[in-house]
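Chemist: Chains as they are written, first to last, in this note's numbering: chain A, 1 to 104; chain B, 105 to 529.
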Amino acid sequence: MRRVAVLGCSLATLLLTSLCEGAEPDPHPGRYLAANCTGCHGTQGRSTGAIPAIAGLDRTVIVEAMRAFRSGDRPATVMHQHAKAYSEAQIELLADYFAAQKPL
Amino acid sequence: MDQSRRELMQAIGGALVASALPRAVRAGAGGIPARVVVIGGGFAGATAAKYLRLWGGGIRVTLIEPNAEFVSCPMSNRVLVGRTSIADLTHGYGDLVVRHGVRVVRDTANDIDAGNRSVTLASGKTLGYDHLVVAPGLDLDYSAIPGLVLESARGDILHAWKVGEQIISLRRQLEAMPDGGVFAITIPKAPYRCPPGPYERACQVAWYLRERKPKSKVLILDANEKVASKEALFRKAWADLYPRIVEYVPNSELVDVDVATRTAKLQFDDVKADVLNVIPPMKAAALAARAGLITANDKWCGVDFLTYESTVRKNIHVLGDAILAAPLMPKSAHMANQQAKVCAAAIIALVSGETVNPAPIINNTCYSFVTATEAMHIASVHAYDADQKQMLPIPGSGGLSAAPSEAEGRYAEGWAQNIWSDTLG
């Protein structure tokens with residue numbers, strides 16, 4: 001009987017893991033900071049319109065884009081104004097978060 | 105089912121429940137899941153409800169909202185140029201229920217008992233809470249405009265500043281206006297909901313008149329001493345695009361209206377219009393006053409910007425247009441959505457016994473259309489200043505469009521899609 005219970009628990013863990021993947025992945029330090037971006041880029045970065053989707057982009061792509069927006073090397077309508085608000089460490093947190101999200 | 109199978113299923117069920125409920129849940133009194141009631145399903149309240157569930161695991165979230173559906177104020181000026189409809193602006197609360205497990209109750213919150221931590225609904229039901237989020241929106245305040253105090257006396261003087269039928273009626277008034285007529289719009293003293301909104305409306309009306317009735321005028325009667333948002337960009341748009349149509353008159357506070365003749369009475373002048381659109385002063389919705397949440401100018405609710413908890417009522421958090429905003433923090437949908445996420449994170453930390461984020465950052469991005477297709481923006485990013493206990497703009501960040509463009513018009517529409525989805529989807 002004890003073995004059955006143990007089996008039950010590990011099954012439950014498996015089930016939970018798959019359930020959680022459908023929703024928000026495990027808690028992430030960048031999650032609350034990333035919520036800044038989602039009004040325009042969609043929840044978890046899954047934009048559906050003209051604004052680029054950023055869910056699942058390569059981490060380096062995000063970091064380099066933000067640096068280029070910040071320095072002015074990459075022209076933008078609005079992103080240069082937002083990017084200047086974030087430190088290098090914050091940009092890396094944001095990049096880690098969005099790189100880990102599943103695209104639509 | 106035999107004994108061992110049943111025990112297996114129970115073991116799985118028990119494990120599921122125990123592990124699926126993160127810290128937040130177990131922190132409720134006696135291990136009962138924390139209960140959060142959210143009053144108001146606008147941008148602030150709906151976002152808070154969604155994110156409390158998305159991030160807070162098993163927190164029990166009940167959203168009280170009298171309307172069956174959400175209707176967006178942002179983009180509603182586009183009804184005037186035929187580029188959107190109320191149907192496009194309308195979104196259901198279904199995803200909050202199905203995808204996020206929010207309990208949505210179609211009812212009106214009548215009273216809040218802060219001592220007993222309960223909310224009484226119009227239906228007579230009472231709901232208990234551990235934390236209450238009040239996102240009641242605004243009331244239009246006609247008390248300083250004698251001719252419009254009684255709703256029944258307002259005739260065809262529309263505000264169209266709360267979404268719904270009025271924006272459609274305003275479009276009809278515009279269609280019925282003779283070429284050579286005057287469309288007058290009055291703007292209250294700041295702060296009011298959506299600082300650039302009235303000026304955007306003036307642009308949309310001017311675009312319509314330029315296309316259809318080019319001998320007509322748009323008269324902007326502004327109680328403020330200058331354009332309250334995107335001043336240089338709006339001034340340039342009126343001068344470049346609508347030079348013979350738009351006339352801007354600052355320091356024009358409305359003191360009364362003669363409804364029968366559609367006359368706006370200013371301090372030193374009377375202005376008769378063919379269409380008179382009065383955007384009245386505003387204050388936090390009446391529930392905020394009944395709950396003792398008003399702290400400033402008899403109008404607004406003071407909050408702690410780390411948690412959005414009321415400065416005068418424990419465990420009651422206030423969001424959106426009803427709060428006493430920090431300097432340069434507009435009453436906008438975008439801000440409401442941002443505040444709600446900071447508040448949701450803080451409530452989750454509070455019920456879990458964790459540390460509330462001491463350095464939240466929020467931003468605002470607000471698009472305004474100047475023609476049927478071209479838009480421009482203002483953006484700002486605000487960080488918590490521990491000394492001033494305020495959200496202050498981060499130096500070097502934020503700014504305005506260089507000029508309106510069709511590209512920004514497309515971004516404005518993309519912004520709307522995504523913020524509706526981030527709030528409700």
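Note that CB positions come from ideal geometry on N, CA and C, so glycine has one too.
Around the Cβ of B/ASP243, are there at least 16 other Cβ atoms within 10 angstroms (buried) or fewer (exposed)?
Modeler: Translated into positions along the second sequence, residue 243 of chain B becomes position 139. With 16 or more Cβ atoms within 10 Å of its Cβ, B/ASP243 is classed as buried.
Chemist: Answer yes or no: does any C-beta atom of chain B fall closer than 7 Å to that of A/PRO39?
Modeler: Counting from one through the first sequence, the residue named residue 39 of chain A turns up at place 39. The amino acid at residue 39 of chain A is misidentified as Pro; the sequence shows Gly. Closer than 7 Å: yes.
Chemist: I'd like to know if A/VAL63 contacts chain B, where contact means its C-beta is closer than 7 Å to some C-beta of that chain.
Modeler: Against the first sequence, residue 63 of chain A aligns to sequence position 63. Not one chain B Cβ lies under 7 Å of A/VAL63.
Chemist: State yes or no: is the C-beta of B/GLU517 within less than 7 Å of the C-beta of B/THR477?
Modeler: Counted from its first residue, the second sequence places residue 517 of chain B at position 413. Counted from its first residue, the second sequence places residue 477 of chain B at position 373. Not closer than 7 Å, so no.
Chemist: Looking at C-alpha atoms only, which residue of B/LEU370, B/VAL474 and B/VAL379 is the closest neighbour of B/ILE249?
Modeler: One-based indexing of the second sequence puts residue 249 of chain B at position 145. Of B/LEU370, B/VAL474 and B/VAL379, the residue nearest in Cα terms is B/LEU370.
Chemist: Let me make sure I understand the geometry here. Which of B/ASN441, B/ALA450, B/VAL485 and B/ASP489 has the alpha-carbon closest to that of B/ILE163?
Modeler: Numbered from its first residue, the second sequence carries residue 163 of chain B at position 59. Of the candidates B/ASN441, B/ALA450, B/VAL485 and B/ASP489, the one whose C-alpha sits nearest the C-alpha of B/ILE163 is B/ALA450.
Chemist: Under 7 Å, do B/THR527 and B/THR151 count as touching if we go by C-beta distance?
Modeler: As a first step, residue 527 of chain B must be located in the second sequence, where it is residue number 423. As a first step, residue 151 of chain B must be located in the second sequence, where it is residue number 47. Going by C-beta atoms, B/THR527 is nearer than 7 Å to B/THR151.
Chemist: Buried or exposed for B/PRO431, please, with buried defined as at least 16 other CB atoms from any protein chain shown within 10 angstroms of its CB.
Modeler: Within the second sequence, residue 431 of chain B is the residue found at index 327, counting from 1. With fewer than 16 Cβ atoms within 10 Å of its Cβ, B/PRO431 is classed as exposed.
Chemist: Contact defined as beta carbons within less than 8 Å: I believe B/SER356 pairs with B/ASP326. What is the distance between those atoms, to the nearest angstrom?
Modeler: For the purposes of this step, residue 356 of chain B is taken as residue 252 along the second sequence, with counting starting at 1. For the purposes of this step, residue 326 of chain B is taken as residue 222 along the second sequence, with counting starting at 1. Indeed they touch by this definition, with Cβ atoms about 6 Å apart.
Chemist: Ignore the nearest five residues each way along the sequence and tell me which others in B/GLY186's own chain have a CB closer than 6 Å to its CB.
Modeler: Sequence index remark: in the second sequence, residue 186 of chain B carries index 82 (1-based). There are no such residues.
Chemist: Identify each residue in the region 512 to 528 of chain B for which the Cβ-Cβ distance to at least one residue of chain E is less than 7 Å, and report them in chain order.
Modeler: This model lacks chain E altogether; the protein chains it does include are A and B.
Chemist: Who are B/GLN494's beta bridge partners in DSSP?
Modeler: As a working note, residue 494 of chain B is residue 390 in the second sequence. Partner(s): B/ASP489.
Chemist: Buried or exposed: where does B/THR459 fall if 16 or more other Cβ atoms within 10 Å of its Cβ makes it buried?
Modeler: The residue you call residue 459 of chain B lines up with position 355 of the second sequence. With fewer than 16 other Cβ atoms within 10 Å, it is exposed.
Chemist: Do we get a CB-CB distance below 7 Å when we pair A/GLN101 with the residues of chain B?
Modeler: As a first step, residue 101 of chain A is located in the first sequence; it is residue number 101 there, counting from the start. By this cut-off, A/GLN101 is not an interface position.
Chemist: Is the region 308 to 319 of chain B in contact with the region 415 to 423 of chain B, if contact means three or more CB pairs nearer than 8 Å?
Modeler: Taking 8 Å as the limit for Cβ pairs, the verdict is that the region 415 to 423 of chain B does not touch the region 308 to 319 of chain B.
Chemist: Taking the CB atoms as reference points, tell me whether B/MET433 and B/MET495 lie closer together than 7 Å.
Modeler: Within the second sequence, residue 433 of chain B is the residue found at index 329, counting from 1. Within the second sequence, residue 495 of chain B is the residue found at index 391, counting from 1. Cβ atoms of B/MET433 and B/MET495: closer than 7 Å.
Chemist: Taking just the CA atoms, how far does B/TRP159 sit from B/ALA128?
Modeler: As a working note, residue 128 of chain B is residue 24 in the second sequence. As a working note, residue 159 of chain B is residue 55 in the second sequence. Below a pLDDT of 50, predicted positions are generally treated as unreliable, and B/ALA128, at 46, falls in that range; the measurement from the model is reported next regardless. So the two alpha carbons sit approximately 10 Å from each other.
Chemist: Let me know the secondary structure DSSP gives B/SER472 once reduced to three states.
Modeler: Against the second sequence, residue 472 of chain B aligns to sequence position 368. Of the three classes helix, strand and coil, the one that applies to B/SER472 here is strand, per DSSP.
Chemist: For B/SER176, return the contacting residues in chain A, with the cut-off set at a CB-CB distance below 8 Å.
Modeler: Taking the first residue of the second sequence as 1, we reach residue 176 of chain B at position 72. Going along chain A, no residue has its Cβ under 8 Å from B/SER176, so there is no contact; the nearest lies around 13 Å.
Chemist: If you draw a straight line from the C-alpha of B/VAL375 to the C-alpha of B/ALA426, how long is it?
Modeler: For this step, residue 375 of chain B is matched to residue 271 along the second sequence. For this step, residue 426 of chain B is matched to residue 322 along the second sequence. Those two C-alpha atoms are separated by around 32 Å.
Chemist: Count the other CB atoms, across all protein chains shown, that sit within 10 Å of the CB of B/PHE147; report buried if there are 16 or more and exposed otherwise.
Modeler: Within the second sequence, the letter at position 43 stands for residue 147 of chain B. Buried.
Chemist: Work out the CA separation of A/ALA55 and A/ASP96 for me, nearest whole Å.
Modeler: In the first sequence, counting from the first residue as 1, residue 96 of chain A sits at position 96. In the first sequence, counting from the first residue as 1, residue 55 of chain A sits at position 55. Going by the C-alpha atoms only, they are around 10 Å apart.
Chemist: For the alpha helix (DSSP H) that A/ALA65 lies in, which residues bound it at each end?
Modeler: Locating residue 65 of chain A in the first sequence gives position 65, where the first residue counts as 1. Where A/ALA65 is concerned, the enclosing alpha helix (DSSP H) stretches over 59 to 71.
Chemist: Given a limit of 8 Å on CB to CB distance, which residues of the region 467 to 481 of chain B reach chain A?
Modeler: Taking 8 Å as the Cβ-Cβ cut-off against chain A, the residues of the region 467 to 481 of chain B that qualify are ASN467, THR469 and HIS481.
Chemist: Taking its Cβ as the centre, do 16 or more other Cβ atoms sit within 10 Å of A/ASP73, making it buried, or is it exposed?
Modeler: The residue given as residue 73 of chain A occupies position 73 in the first sequence. With fewer than 16 other Cβ atoms within 10 Å, it is exposed.
Chemist: Kindly say whether B/HIS235, judged by its beta-carbon, lies nearer than 7 Å to any beta-carbon of chain A.
Modeler: For the purposes of this step, residue 235 of chain B is identified with residue 131 of the second sequence, where counting begins at 1. By this cut-off, B/HIS235 is not an interface position.
Chemist: Can you find a C-beta in chain B that's less than 7 Å from the C-beta of A/ALA68?
Modeler: Here residue 68 of chain A refers to the residue found at position 68 of the first sequence. Answer no: the Cβ-Cβ gap between A/ALA68 and chain B never drops below 7 Å.
Chemist: From what residue to what residue does the alpha helix (DSSP H) around B/GLU304 run?
Modeler: Here residue 304 of chain B corresponds to residue number 200 of the second sequence, with the count starting at 1. That run of the alpha helix (DSSP H) goes 301 to 316.
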